[in-house]
Amino acid sequence: MTAPLVIFFVLAAVAVFGAISLIVQKHPIHSALSLILVMVALAGLYLLMGAEFVAAVQIIVYGGAIMVLFIFVIMLLNAGEEERTNFSKLAMYAGVPLAVAMTGLIAAAIVGSNAAMPARAPETLTSTRQLSTLLFQEFVYPFELTSFLILVAILGAIVLAQREN
Amino acid sequence: MVPTSYYVLLSAILFGLGIVTFVFKRNIITIFMGIELMLNAVNLAFVAFSQSFGKPDGEVFVLFVIIVAAAEAAVGLGIIILTARNRKSLNVERVDLLKL
Amino acid sequence: MNEFLTHYAFLIIPIVKIAILVFIVLTVDAYLTWIERKVIAHIQARWGPHRVGPHGLLQPLADGVKFIFKEDPLPASVDKVAYFLAPFITLMLALTSLAVIPFGPQHFTVFGYETGISIAEVNISLLVLFAITALSVYGVALAGWASNSKYSLLGGLRSSAQMVSYELALTLSVVGVLLIAGDFSLRTIVVQQGVKGNGLLSWNIFPQIIGFICFFIAAIAETNRVPFDLPEAESELVAGFHTEYASMKFAMFFIAEYTSMITVSCLATILFFGGWLSPFPASWAFTQYLPSVLLIPFGLWVIFDGIRYENLFGRMVLPVVGAVMAAIGFGLIVFPVVNDAIQGIFWFLAKVFTFLFVYIWMRGTLPRFRYDQLMSFGWKFLLPVSIANVVLTSVVILWRMH
Amino acid sequence: MPILEHLWIIPLLPLLGSAINGLLGWRWPKDLVNWVALGSTGLSFLCALEAVREFFESGQKFFRKEFFDWIVAGSFRAGFDLQFDQLTVVMVLVVTGVGFLIHIYSTGYMAHEGGYYRFFSYLNLFMFFMLTLVLAANYALLFVGWEGVGLCSYLLIGFWFLKKSATDAGKKAMIVNRIGDFGFMLGMFLLFRAFGSLDFQTVFAKASTWQPEAMGQLGTITIACLLLFVGAIGKSAQIPLYVWLPDAMEGPTPVSALIHAATMVTAGVYVVARSKVLFLQAPTAMYVVAIIGCATAFFAATIGLVQSDIKKVLAYSTVSQLGYMFLGCGVGAFSAGIFHLMTHAFFKALLFLSAGSVIHAMGGEQDMWNMGGLASKIKVTFWCMLFGTIAIAGFFPFAAFFSKDAILFAAFNSENGGKALYAIGLLAAVLTSFYMFRLIWLTFFTQQRYDEHHVHVHESPLNMTSPLMILALLSLTGGWLALPALLGGKDYFSEFMAPALGSGEVTGIENAHSLELTLSGVAMAAAIVGLVVAWRMYAKDVKRGKSEGLHKVLYNKYYVDELYHALVVGPLVWLSQNVLWKVVDVGVIDGAVNGVASGATAVGDTVRHTQSGNTRSYAVWVLVGAVVLFGIIFWPILHPVVFGGTR
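Chains as they are written, first to last, in our numbering: chain A, 2 to 166; chain B, 48 to 147; chain C, 8 to 409; chain D, 24 to 670.
Written as structure tokens, this is what we have:
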């Protein structure tokens, strides 16, 4: 039981716990907090894997921007606890089993293709420099496209959220 | 030395939980969170593979995913605000005009 | 025993360092409040605290005692989890952010464990710092939302909105420095500023003056200080997000605020003012006696002032303090090794305290923004300017390349 | 620019003209339309001349070029491939030259008609297709031209689409041609089946290696040839499919001249000549061609004897002349057939145009019984018409004398029944000269049988008469290419055609030359007989007698149309109405369609309950799909895991 393995299990447990509490919590704020927990845990896993830049971005964007937006909206709409309606029998009975089945399938696939999967390479730090080289040379067009995407998203958000008067 | 399959399995589990959130919760915002959770799970798999293959491409993809997620969150939450304003409710089961 | 230490050095030494750092920071925070009150008092031609201890030096202690022993009422129908979580998050993040800041150049080895004057050496320390800053929004937002009160909610919304908006400007204003340094590591940034060895001329402040201005304004807004202290605008919404908090929880917010002030000052020092580097060219060897030159006269003045202090306690304590100071000054002259060792830290602290003083100074002088002014300033002025700064810097760098 | 390298220009020019006129012409003044139409045709005529010049310059070597692929499917390739050899030279020159002249003529003839631009657009389009037909280097492309000219003939016959008879004639031409085209297509398919290609070169090369089939044997090649010949029958109006051509006279006279006399109807002959290699391999087919041609020649001539409509007379004469051409090809004298094709193009175009000029003069009157005594009033037309008549009747030294003579000579010398063929051909020649001179007398001499006050006869303008004169000259000199043959020299034309068609020389008979001379004499005599009889019957003043007996039969064209109507059209209509419409269409097709529709509705009604409008259930449906898909995709990996197999 080496140190990385211990850390992995701790973080994984935290993540799964967060995800589950995201489901069981009644109040959206608490769900959001649990989701933040998951994200932080994931960031820790990224660090453990040596992808420090991604970890930082994960925290900054997901934690610092997206989830803040969520909490904002929740506060703005002053959302209360969710009401337990069950209009959709299908979702009520078939939903969770199916999700479980899906997970099972994926897990089985992974176990099955375990041979094909490379054994873990030693944690090597991906230097931010080489990442940026990749981003700005090989993937430069997608990158530029994302900037357009974001612009569009901003406009869309403004148009949607402004009170029509 | 953590085997890659551990990471991937974890991401599978998280993904499944995301699905559960999606079909199980009724609050639009929470459902949206479920989507984010799934995205995160996928990211985890990406990073795990890119690390174990020793290629940073996967991490670049993760960056893209995050960007898209940000855009999606902006627009999606805008829509949610509108919906809540118009129907005075965040419960998806009360938003059921999408039928004959 | 010894090999036990060497074996677990990687665990023990950081813990020790953390303990030391937290102790220092908390003390500094406490006395920062004292300094603040004093300075503002003098700006406003008052005496400020002078009852508890000589020159009110023990005032912080008294405050701490008060905080601890005060009653802590729990408002009705608050969301308990979030209510308790909020101050903890805030303080924790504020303290954590200090972890990646390098205070000095030295590297020394203890029990075969090589370490520097900082808790964590991360390659992307700057990013980590920003990540932590980004998270610090939650404290405020949660506090405002949890304590189920109109004032708090408004304050929370306001300040979180403010933080999110100014975070952009903050991050972008630093990009110029990053472009010059080409690295995320704060240590590298500092070192790279001292490469030329011609003192303050090679600091980032000169090429990055615009960036610095943007950074400083955004930083003040991030820390919710005057003139951006809308969240706790007493006149409008009592005390903003921490209206409903009392005693230790309130103290946590308070400490967090001052800690983040310190953090930001450190950051400014490192990014733009050459961190621990001396402002004088390396050739001016005599400048290393500056600490002594400052300490000795000050110590002497404290002695002189202490002898004719009004009450007995002061007449007993102050000369001793002064004597110690002077002694240290002389000691530095006598032991050049020590003197060399403290040079870096000395300059670092000097710069940091300058910034802290500026903070207080501004609080003493500037009025508060209106909310719409705040937003439009942040989005319509600060953001564009910092972006322009980025573009300008990159253009210059490219032009230098070819 | 070497035209030969860019053969596509020759057909393209008329297409351009057609497109321009058709799309923009309606708002243009007539002069502009004229310029476009004449310009395009004239230019392509010049190009053709240039091409011919280069062809001769290159020492008459066979030229072929593939311009671009049209259809490529597996081993089958049909490309836009054009070729150029002696046969093409003749055809191209005839088409472009005569076509150009007729264009000029039309500018005068159609001057007062509506849809002027439309007419010229169609005419140019026809030129394009005809040129494609004659230049094509494979059957597929040839078939394109084949169908195209059919279309144009339909459009132009029905040019006055307000006249029911005209549109009916158009439809008739189209439908009757369909039968022939069907045969032609079958022939093509068979050829492709047999030789795996439709390129002339490949097909002929392979065919010539095959064992020649015996007389009376129905081998592949024979059947293919017969099928092709069915197409030729349709296009060239031979028995039994000739019925459309006389009705086609409903169209404007220049159309009759160009399409239904000079060029299109000769396409059949061209195809037979082009496929010479195949036909030579199939004597049976040759024999059939000869018989049908001979029969048509005589049969049509007999009908022509009694027609009163001036254009009808010419139409039937056309049919019978085409019969001659087929007779020539049938007995192996392809060059003679083509030769007659050329000369016929000249004098028949001339005759039609002159007839048109007469009709023009008479103000639209076509019945010869309402004419008479026009010779003095429209001299130019009269002389041109006379030239044409003499030419077709086969007097020395006019065109038809040589060509028809060559055909008859070949027929005489052909084995199995050559003599009979020759006799019938000769009889047909007599009839020809008879009805032509009857036409002359009825139209230009005898007392006038029309009312001065209503019709005021006037000579046609120059742009109509000038083509007449040129054509008259051609129909006089056109035959002289073969003149030396008569004088014991060699026949330039067949010499020239030899590489493409093989010499029409009949070998293996002693003193062929003297025999030819005697036969020529006989033919001449036949022509004179016809002339004399016509003179005896029509020289003095005549009036329309009531027709009975044989005359009645002839006048009603042997009731062939009625026969066809009773045998073919009637049953077909009955079938379509009572079976195809009432049963198949209403019952089966509509039933199927409506059934599908109602089924869809029913299914929708049941399935739509899944659409609860509840987003969560939708999500679950998506999930179901995801699970299934995942299972399918990763089955190979999952299988061992699920069923614990070894991996």
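Glycine is no exception: its CB is placed at the ideal position from the N, C-alpha and C atoms.
Subject >> Residues of the stretch 643–656 of chain D with Cβ closer than 7 Å to any Cβ of chain B, in chain order >> reply: VAL643 and LEU646
Original post:
In terms of alpha-carbon separation, which member of D:LEU646, D:HIS662 and D:GLY654 lies closest to ALA95 of chain A?
Top reply: D:LEU646
Original post:
If you pair each beta-carbon of the stretch 259–266 of chain D with each one of the stretch 353–364 of chain D, do three or more pairs fall below 8 Å?
Top reply: no
Subject >> Uninterrupted alpha helix (DSSP H) stretches inside the stretch 220–298 of chain C (no shorter than 4 residues) >> reply: 241–244 and 254–279
Original post:
Going by DSSP, what residues sit across from ASP104 of chain D in a beta bridge?
Top reply: D:GLU89
Subject >> Span of the alpha helix (DSSP H), counted from its first residue to its last, around GLY131 of chain D >> reply: 109–132
Original post:
Between GLY168 of chain D and PHE362 of chain D, what straight-line distance do the alpha-carbon atoms span, to the nearest angstrom?
Top reply: 22 Å
Original post:
Are the beta-carbon atoms belonging to ILE224 of chain C and LEU363 of chain C less than 8 Å from one another?
Top reply: no
Original post:
What are the boundary residues of the beta strand (DSSP E) that HIS114 of chain C is part of?
Top reply: 114–117
Subject >> Assigned secondary structure, GLY313 of chain C (DSSP; H/G/I helix, E/B strand, else coil) >> reply: helix
Original post:
When DSSP builds the beta bridges, which residues end up paired with GLU121 of chain C?
Top reply: C:THR116
Subject >> CA-to-CA distance, GLN295 of chain C to THR40 of chain C, given in whole angstroms >> reply: 31 Å
**OP:** Could you check which residue in C:LEU307, C:GLY71 and C:TYR145 has the C-alpha nearest to that of GLY336 of chain C?
**Re:** C:LEU307
Subject >> For ASN138 of chain B, the three-state DSSP class (helix, strand or coil) >> reply: strand
Original post:
Between LEU137 of chain B and ALA83 of chain C, what straight-line distance do the alpha-carbon atoms span, to the nearest angstrom?
Top reply: 26 Å
Original post:
Where does ASP222 of chain D sit, in a helix, a strand or coil, going by DSSP?
Top reply: strand
Subject >> Cβ-based neighbour list, GLY702 of chain D, same chain, cut-off 6 Å, excluding 5 preceding and 5 following >> reply: With chain D running from 24 to 670 in the structure shown, residue 702 of chain D is simply not present.
**OP:** From the DSSP output, in three-state form, read off ASN161 of chain D for me.
**Re:** strand
Original post:
If we count the other Cβ atoms within 10 Å of its Cβ and call it buried at 16 or more, is ASN133 of chain B buried or exposed?
Top reply: exposed
**OP:** Could you tell me which of D:LEU554, D:GLN330 and D:VAL312 sits nearest to PHE418 of chain D, measuring between CA atoms?
**Re:** D:LEU554
Subject >> Backbone secondary structure at ALA673 of chain D - three-state DSSP >> reply: The requested residue 673 of chain D is not part of the displayed model; chain D covers only 24 to 670.
Subject >> Residue range of the alpha helix (DSSP H) that includes ILE42 of chain C >> reply: 9–50
Subject >> In DSSP terms, what ASP390 of chain D is bridged to >> reply: D:ASP332
**OP:** Taking a Cβ distance cut-off of 8 Å, strictly less, list which residues of the stretch 101–129 of chain B are near chain A, in chain order.
**Re:** GLY101, PRO103, ASP104, GLU106, VAL107, VAL109, LEU110, PHE111, ILE113, ILE114, VAL115, ALA116, ALA117, ALA118, GLU119, ALA120, ALA121, VAL122, LEU124, GLY125, ILE126, ILE127, ILE128 and LEU129
Original post:
According to the neighbour-count rule (16 or more other Cβ atoms, all chains shown, within 10 Å of its Cβ), is ILE159 of chain A buried or exposed?
Top reply: exposed
Original post:
What is the residue span of the alpha helix (DSSP H) that PHE79 of chain B lies within?
Top reply: 75–100
**OP:** Evaluate contact between the stretch 391–399 of chain C and the stretch 70–81 of chain C, counting only Cβ atoms and requiring at least three cross-stretch pairs below 8 Å.
**Re:** no
**OP:** Go through the stretch 186–253 of chain D residue by residue and report every complete run of the alpha helix (DSSP H) that reaches 4 residues or more, in order.
**Re:** 187–218 and 223–232
Original post:
Taking any Cβ of chain B, which residues in the stretch 78–95 of chain A have a Cβ under 7 Å from it, in chain order?
Top reply: LEU78, ALA80, GLU83, GLU84, THR86, PHE88, SER89 and ALA92
Original post:
Which residue spans inside the stretch 305–370 of chain D form an unbroken beta strand (DSSP E) run of at least 3?
Top reply: none
Original post:
Between A:ALA154, A:ALA52, A:PRO98 and A:LEU150, which lies nearest to ARG130 of chain A when the distance is taken from Cα to Cα?
Top reply: A:ALA52
**OP:** Taking only the alpha-carbon atoms, compute the straight-line gap between LEU174 of chain A and VAL15 of chain A and give it to the nearest angstrom.
**Re:** An answer regarding residue 174 of chain A cannot be provided, because it is not within the stretch 2 to 166 covered by chain A.
Subject >> Partners in chain B for GLY10 of chain D, counting only beta-carbon separations shorter than 9 Å >> reply: In this structure chain D extends from 24 to 670, so residue 10 of chain D is not present and cannot be described.
**OP:** Measure the Cβ-Cβ separation of LEU577 of chain D and ASP428 of chain D and say whether it is below 8 Å.
**Re:** no
Original post:
Straight-line CA distance for ILE21 of chain A to ILE107 of chain A?
Top reply: 19 Å
Original post:
Is there a Cβ from chain A that is less than 8 Å from the Cβ of ARG631 of chain D?
Top reply: no
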